[in-house]
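Residue numbers (the working numbering): 298 to 636.
Ideal Cβ positions, reconstructed from N, Cα and C, are used throughout, including at glycine.
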Ligand code: MN
């Protein structure tokens with residue numbers, strides 16, 4: 298548990314290590330544009346009131362929208378419609394639901410990318426995971442500026458960062474050097490989805506122009522009162538196994554989640570319980586800095602030798618490691634050779 302809470306500290310308190318090319322993009326009106334030739338320069342933002350020739354040389358920001366509920370989820374249509382007020386939107390999303398598939402990528406079969414009719418939005422469906430969709434979407438659409446994931450029909454609080462496909466889509470964006478924003482809400486009642494729209498727009502107004510936030514997890518309560526910045530709630534894991542039997546009496550198991558009580562103040566769960574919209578800045582580096590420092594000082598291994606070693610750079614060694622990373626498992630390789 299200690300390690301987990303340290304991770305929590307790291308996730309929220311450490312400063313973000315930002316590549317220089319983070320892009321501040323269009324503000325509230327959604328009509329601001331970015332120079333075509335300089336999309337990743339902070340200086341690229343211009344207002345539409347500038348001269349015609351300047352506007353001609355500009356482009357609107359490119360917003361890739363994905364999710365894990367599938368391309369046919371009403372949530373993605375809601376988010377894409379809100380995003381289209383801020384830039385050019387393209388939807389690339391799984392062809393079937395991929396909730397709780399986490400950050401899986403499809404490495405053992407090829408993926409398809411098929412045009413799909415969504416009202417007023419250019420959209421493509423992929424027979425893969427949310428992370429696949431973002432990777433493929435960024436490959437197919439040059440210079441994506443930001444990835445929005447959602448609107449997920451179900452909250453993604455606390456430990457959900459580990460299994461959420463919605464968050465994986467946003468994380469994949471951050472891994473690619475883009476910005477990623479995950480947005481989740483409870484499954485809608487009849488009157489909820491319309492009521493949330495202005496809050497979604499406001500969240501985008503806050504987050505889209507901010508280049509200092511490469512990865513953010515946003516959760517909306519049913520009837521929001523406003524916004525708060527939060528940290529991840531990781532007091533204890535909320536997964537549980539529920540046993541049952543099939544019609545023949547054989548044991549089966551559901552893996553599910555149970556409600557947690559007593560969320561820590563300032564966390565995402567705490568905020569949602571109080572009807573605040575939760576916005577959690579995340580980072581990709583999960584290194585437990587406190588544990589690392591303690592290990593190095595109390596149980597030093599060969600760090601000194603490794604650091605002082607003055608061997609010349611060996612490109613062969615680097616290449617060999619990359620090849621090992623890319624190698625298929627032995628079983629898969631054997632199956633391929635059987636074909
Ligand atoms: Mn989902």
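Item: Distance cut-off 7 Å: residue 442 Cβ against heavy atoms of the ligand MN; Value: no
Item: Same chain only: Cβ atoms within 6 Å of residue 465, ignoring 5 sequence neighbours per side; Value: 399, 400, 427 and 428
Item: Where residue 575 falls, given that 16 or more other Cβ within 10 Å makes a residue buried; Value: buried
Item: Nearest candidate by alpha-carbon position, reference residue 441, set 617, 497 and 477; Value: 477
Item: heavy atom of the ligand MN below 7 Å from residue 462 C-beta; Value: yes
Item: Residue 480 - DSSP class collapsed to helix/strand/coil; Value: strand
Item: Extent of the continuous beta strand (DSSP E) run through residue 384; Value: Note, residue 384: premise wrong, no beta strand (DSSP E); not H, not E.
Item: Lining residues of the ligand MN - beta-carbon closer than 5 Å to any non-hydrogen atom, in sequence order; Value: 365, 366, 396 and 449
Item: Coil, strand or helix - residue 622 by DSSP; Value: helix
Item: Range covered by the alpha helix (DSSP H) that runs through residue 397; Value: Premise fails: residue 397 is in no alpha helix (DSSP H) and is neither H nor E.
Item: Pick from 571, 431 and 392 that is closest to residue 522, judged by C-alpha positions; Value: 571
Item: Beta-carbon proximity check, residue 379 vs residue 545, cutoff 8 Å; Value: no
Item: Reduced DSSP category for residue 511 - H, G, I as helix; E, B as strand; rest coil; Value: coil
Item: Span separating the alpha-carbon of residue 359 from that of residue 415; Value: 18 Å
Item: Residue environment, residue 411, which counts as buried when at least 16 other CB atoms sit within 10 Å; Value: exposed
Item: Rounded C-alpha distance that separates residue 549 from residue 555; Value: 18 Å
Item: Nonlocal neighbours in the same chain, by C-beta distance under 7 Å from residue 496, ignoring five residues either side; Value: 517, 521 and 574
Item: 8 Å Cβ cutoff met for residue 512 and residue 580; Value: yes
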